[in-house]
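Position one of the sequence shown corresponds to residue 2 (our numbering), numbered consecutively onward.
Built from N, CA and C at the ideal position, the CB exists for glycine as well.
Predicted, not measured: the structure shown is a model, and the values here were computed from it.
Notes follow once the structure below has been shown.
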Amino acid sequence: MERKVLGRSRVGIAGVGGLGSHVAVALVRAGVGGLVLADFDSVEESNLERQCYFRDQVGRFKVEALSETLVRINPVVEIRCFPVRVTADNLVELFDGVDVMVEAFDRADQKSLLVSTFRRRFPAIPLVAASGVAGIGPANRIITRRAVENLYICGDGKSGVGAHTPLQAPRVGIVAHHQALAVLRLLHGLDPCDADNGDGCAIEN
């Protein structure tokens, strides 16, 4: 039953760098049957340290290179990829019809645009975002929390990229898998941060 539910699901991912590429791989391995990928960027050699790409994919659009990798994992996965910058004007066209949306951008302004626009245009669709990813802080500081209705945020909420806190593969990967697990729980009608004791998520003030 679980694989059938996931196989009928479609997840949108805005940004397929360190977060988004690993979210996509985790979801396809879990059995999600449809992905919508949007990112205007191309694979660079510097991306290889923390993003799910390979040296022979350098120079290609990330969405196209990632799609190729995902199809190697599951040949029947349905992927729509858009090598474009996500804007307030094209967001609806790109992601209309998704069951869950993932925000996986690096820049704060891109994150803000995606979250505010998506929540305004698709208020009933859950959105899983990330905040506080950089550095090598303890893994146990990374959590999944509900900010407001239908908006979940993964990360420590504090660790921005800086001279002493670069993005590192292990921590980026932990946050990405928090996001992927949150998506899977939402697709099954479960609260992404519901505790075993049933307390659920605290809503931020």
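Please list the segments of the beta strand (DSSP E) lying wholly inside the stretch 54-106, counting only runs of 3 or more residues, in order along the chain.
79-83, 101-104
Item checked: For Arg108 and Gly133, the rounded distance between their alpha carbons -> 12 angstroms
Check the DSSP bridge columns for Ser22 and list the partner residues they point to. For Ser22, which the question treats as bridged, DSSP gives no partner whatsoever.
- Message: Beta-carbon within less than 8 angstroms of Val78's beta-carbon, same chain only, minus the 5 sequence neighbours each way: which residues are those?
- Response: Val29, Val33, Gly34, Gly35, Leu36, Leu71, Val72
Using a Cβ-Cβ cut-off of 7 angstroms (strictly less than) and excluding sequence neighbours within five positions of Lys112, which residues of its own chain qualify?
Glu104, Phe106, Ala130
I'd like the list of long-range same chain contacts for Val99, defined as Cβ closer than 7 angstroms, with 5 residues on each side in sequence excluded.
Arg11, Val12, Gly13, Val37, Ile126
Original post:
What distance in whole Å lies between the Cβ atoms of Ala39 and Val93, which are believed to be in contact at a cut-off of 8 angstroms?
Top reply: About 12 angstroms; that fails the 8 angstroms criterion.
Next on the checklist: Among Ala170, Cys194, Glu46, whose alpha-carbon lies nearest the alpha-carbon of Phe62?
Outcome noted: Glu46
Proximity to Val101 [Cα-Cα], best of Gln52, Tyr153, Leu114: Tyr153
Rounded separation between Pro167 and Gly136 - CA only = 5 angstroms
**Prompt:** What does a CB cutoff of less than 7 angstroms around Arg9 pick up in its chain, not counting 5 residues either side in sequence?
**Reply:** Gly34
Item to check | Whether Val64 touches Cys82 by CB criterion (7 angstroms) | outcome: Yes.
C-beta contact flag for Arg76 and Thr145 at 7 angstroms = Correcting the residue identity first, residue 76 is Pro in this sequence and not Arg. In this structure, Thr145 does not lie closer than 7 angstroms to Pro76 by Cβ.
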